[in-house]
Structures are given as C-alpha cells and as structure tokens.
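Just so you know, we're using the numbering used here here: the sequence shown kicks off at 1 and counts up by one. Using N, Cα and C, we set each Cβ at its ideal position, and we do this for glycine too. Here's the structure we're looking at; comments come further down.
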Amino acid sequence: MDLFDDDNKIDLLVPDSRIASYRKVLEFTCQVMINCEHQINKYSSPCGTMLATVAQEIKSQTLNKKLEELSPCTILYSVAVRLSSNKFSSESPTVKSGLSLFFMYLSDELLWADSLSQASFQSSLNKSLEKVKRLGWQDQMLTHGLEPFIK
C-alpha cells in the first residue's frame, strides 16, 4: 500500500528553503522509531513493532519521493490511516485507536496552523494530546511515552 498516493495529499507544504531539514527530521524520526522498537515493546500494551513497521514503510516510500510534494500533514495522516489498518490486528486496539486519533488530530491541527514552525508544531502537539485525553485515552503509551515529551 502506497502511503502517499495522490488521494492522501494534504496541503501546508514545507517551504523550499527547509526541504533538506524536513528530510533529515523525517529520516531521523523514522530511524528512532525503528531503533526503539524493543524498548517500546516493554510497555504493558506493546506497540514498538507496529510503530517500527510504519516507520520503515515511511522511510522506504519517501526515499525516492520529492518531499516538496509531501506535506507533514500528509505524512501524519497517512501514518494514522496505516496504524488503524488490519495489518496490525494483533496489536492492542486501544493503542492503535489512540495513536491513530492522535496523528489525525495532529495533522488537522497543523493544517489549521498559519505556518509550519516549531511553535505551531508544539501547539498542535499539545492540542492533539488534550483531544485524545478528553476522549478517554489513558494508555501508558500516552501517559509515559508521549505526554512527558510534549508538555
């Protein structure tokens, strides 16, 4: 499944002057998710393998793509869709659903931001975190994995 087909493209593109940085951040983030697979799997609801698989797909599918054509919103939305797929049926439905919603909310929040900056990304992370918490997601992936680094 191509995560980045034309049907999944969403606006808010990265300025040309920041494409190289965007690629490095994307590559680094994917590699961290891949490298931390076993550590994440130590949580009570392990999802390290699921995250590493999605990160590997992103990494391989963006390798030969022009990132000028892919916005961060597109990538986050595609991750959310991929996490909710049946491929990960053995994973905790709570973790899958919570992470999928978190990434969808993050994509939406960034899309509504005036610009793509560290401040708008931090604000979007906080708003997305609050939304999934209001919905009742309190898994350790959220409380111990994401929340301490977002706040």
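Among the options, whose alpha-carbon lies nearest the alpha-carbon of residue i?
i, options, result
"N155", "M33, R23, H144", "Residue 155 lies beyond the residue range present for the chain, which begins at 1 and ends at 151; the question has no answer from this structure."
"P72", "S117, L146, F149, I150", "S117"
"V32", "I58, S45, S44", "I58"
"P46", "L142, T29, P148", "L142"
"K151", "L101, V81, A119", "A119"
"G145", "S100, S92, Y43", "Y43"
"T94", "E109, Q138, K127", "Q138"
"F149", "L135, R134, F121, G136", "F121"
I'd like to know whether the C-beta atoms of residue i and residue j end up nearer to each other than 9 Å.
i, j, result
"L106", "L125", "yes"
"T49", "E37", "yes"
"L101", "V132", "yes"
"Q56", "I34", "yes"
"E147", "L135", "no"
To which residues of the same chain is residue i closer than 8 Å at the C-beta, ignoring the five residues directly before and after it?
i, result
"I10", "Low confidence applies here, because I10 scores a pLDDT of 46, under 50, leaving its location unreliable; read the following figure in that light. Here the set comprises S71, C73, T74, Y77, S107, L111."
"K96", "C47, M50, L83, S84, F88"
"Q140", "Y43, S44, S45"
Which residues in the same chain have their Cβ closer than 6 Å to the Cβ of residue i, if we skip the five residues on either side of it in sequence?
i, result
"V81", "none"
"K87", "none"
"S92", "S45"
"M104", "A80"
"K127", "E109"
"L99", "L83"
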